[in-house]
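Asker: Numbering (the working numbering), first residue to last: 378 to 721. The beta-carbon is built from N, C-alpha and C at its ideal position, and this holds for glycine as well.
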């Protein structure tokens, strides 16, 4: 939402905040601040809008868990699985399934998160948290990093502009042999000299099961506090969170973001609206400060001009210049000049 708001202000720098809101943000189905644009009308009086699809608009369907002992290959469980299939067929189809399918097709072969800062020095590719060891994970990691590296050519087209890629994997299972530390960094080196000449790929694996510290007072560095967050976020108490926040405020923000996933839709909408209100208040305050600064400069210039005219009038009076001549050259009134003459 904030990104869309900034885009609107950048696209229309001379327009006010209210104009941008009315132009791009609509009220639809009792939801405010919906980013939408009018499309071609089929009927003269009909106004239709094309809006961004919000994933939160699609209801989450919870699937019934399978009984722990159930085995689809065991004949005695046949009736149980037949009933599950029947219930699945009776369920209503997922709304907006076509839109979801399009999104999934577009994301095939892409990492879950690919961050590229404009003008920055590197790209960061990260996988979703790895819950279980899968076959070929190492190859998949290298594939994702290679794709993030090669896609940069789509934007620049020059090899010299390719940025370094950092691949970061946070795993809830052991990926590498036991002798490897819980954080391991890998890059490309010469076999004979161990020289590091190909510097554009770096792989970082964080294996949470190998992270042995389970108490806040044991944590010594910011890296350990992040690992503690990844492993024990759901179990962290308020007292532990206060202690972490004192030494690493950025991690407190991560806990706050994680807490938002527990909010219901009503709370989330209220939070977003409050953020937008604060953004508007900041923008209005900045605008008022700019106006006050311009007004101050203007008043200062006018006062400077008046003082200059007074000095000229005093000099002319000292040289016995006619009052009408002084009025003509300075623009001061006769009464003002007579007052200056009395003070000399």
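Which same chain residues end up closer than 6 Å to residue 720 when comparing Cβ atoms and leaving out the 5 residues on each side of it in sequence?
Answerer: Nothing meets the Cβ criterion.
Asker: Would you decide whether residue 703 is buried or exposed? Buried here means 16 or more other CB atoms lie within 10 Å of its CB.
Answerer: Buried, since its Cβ has 16 or more Cβ neighbours within 10 Å.
Asker: Taking C-alpha atoms, which residue in 613, 588, 611 lies nearest to residue 601?
Answerer: 588
Asker: Any idea if residue 536 is buried or exposed, counting beta-carbon neighbours within 10 angstroms, 16 or more meaning buried?
Answerer: With fewer than 16 other Cβ atoms within 10 Å, it is exposed.
Asker: Do residue 414 and residue 427 count as a contact pair if the criterion is CB distance below 9 Å?
Answerer: yes
Asker: Roughly how many angstroms lie between the CA atoms of residue 683 and residue 713, to the nearest whole one?
Answerer: Computed Cα separation, rounded: 12 Å.
Asker: For residue 554, name the three-state secondary structure that DSSP assigns.
Answerer: coil
Asker: With 16 other CB atoms within 10 Å as the buried threshold, where does residue 542 fall?
Answerer: Looking at its Cβ environment, which holds 16 or more other Cβ atoms inside 10 Å, residue 542 is buried.
Asker: Look at the alpha carbon of residue 621 and the alpha carbon of residue 407, and state the distance between them as a whole number of angstroms.
Answerer: 40 Å
Asker: Once you ignore the five residues that flank residue 403 on each side, which residues in its own chain have a CB closer than 7 Å to its CB?
Answerer: 411, 413, 426
Asker: Quick check: what's the CA-CA separation for residue 657 versus residue 396?
Answerer: Approximately 12 Å between the Cα atoms of the pair.
Asker: Check residue 706 in the structure and name its three-state DSSP category.
Answerer: helix
Asker: Would the segment 539-559 count as touching the segment 577-593 if we require 3 or more Cβ pairs under 8 Å?
Answerer: yes
Asker: In the DSSP assignment, what residue or residues form a beta bridge with residue 426?
Answerer: 415
Asker: Just to confirm the assignment, what range does the alpha helix (DSSP H) spanning residue 387 have?
Answerer: 379-388
Asker: Under the DSSP definition of a beta bridge, which residues are partnered with residue 614?
Answerer: None; residue 614 has no bridge partner.
Asker: Which class does residue 447 belong to by DSSP, given the choice of helix, strand or coil?
Answerer: DSSP places residue 447 in coil when its eight states are reduced to three.
Asker: Would residue 575 pass as a contact of residue 564 if the rule is Cβ separation under 9 Å?
Answerer: Yes, the Cβ-Cβ distance between residue 575 and residue 564 is below 9 Å.
Asker: Could you give the DSSP three-state label for residue 404: helix, strand or coil?
Answerer: strand
Asker: Taking the continuous alpha helix (DSSP H) assigned at residue 606, which residues delimit it?
Answerer: 599-609
Asker: Determine the DSSP secondary structure at residue 523, reduced to helix, strand or coil.
Answerer: helix
Asker: Answer with buried or exposed for residue 382, where buried requires no fewer than 16 other C-beta atoms within 10 angstroms of its C-beta.
Answerer: buried
Asker: Near residue 625, what residues of its chain come up, given a Cβ to Cβ distance below 7 Å and the 5 sequence neighbours on each side ignored?
Answerer: 599, 602, listed in sequence order.
Asker: Could you check what DSSP says for residue 573 in three-state terms: helix, strand or coil?
Answerer: coil
Asker: Measuring only the C-alpha atoms, how far is residue 573 from residue 520?
Answerer: 21 Å
Asker: Just how far apart, CA to CA, sit residue 653 and residue 629?
Answerer: As the crow flies, the alpha-carbon of residue 653 is around 22 Å from that of residue 629.
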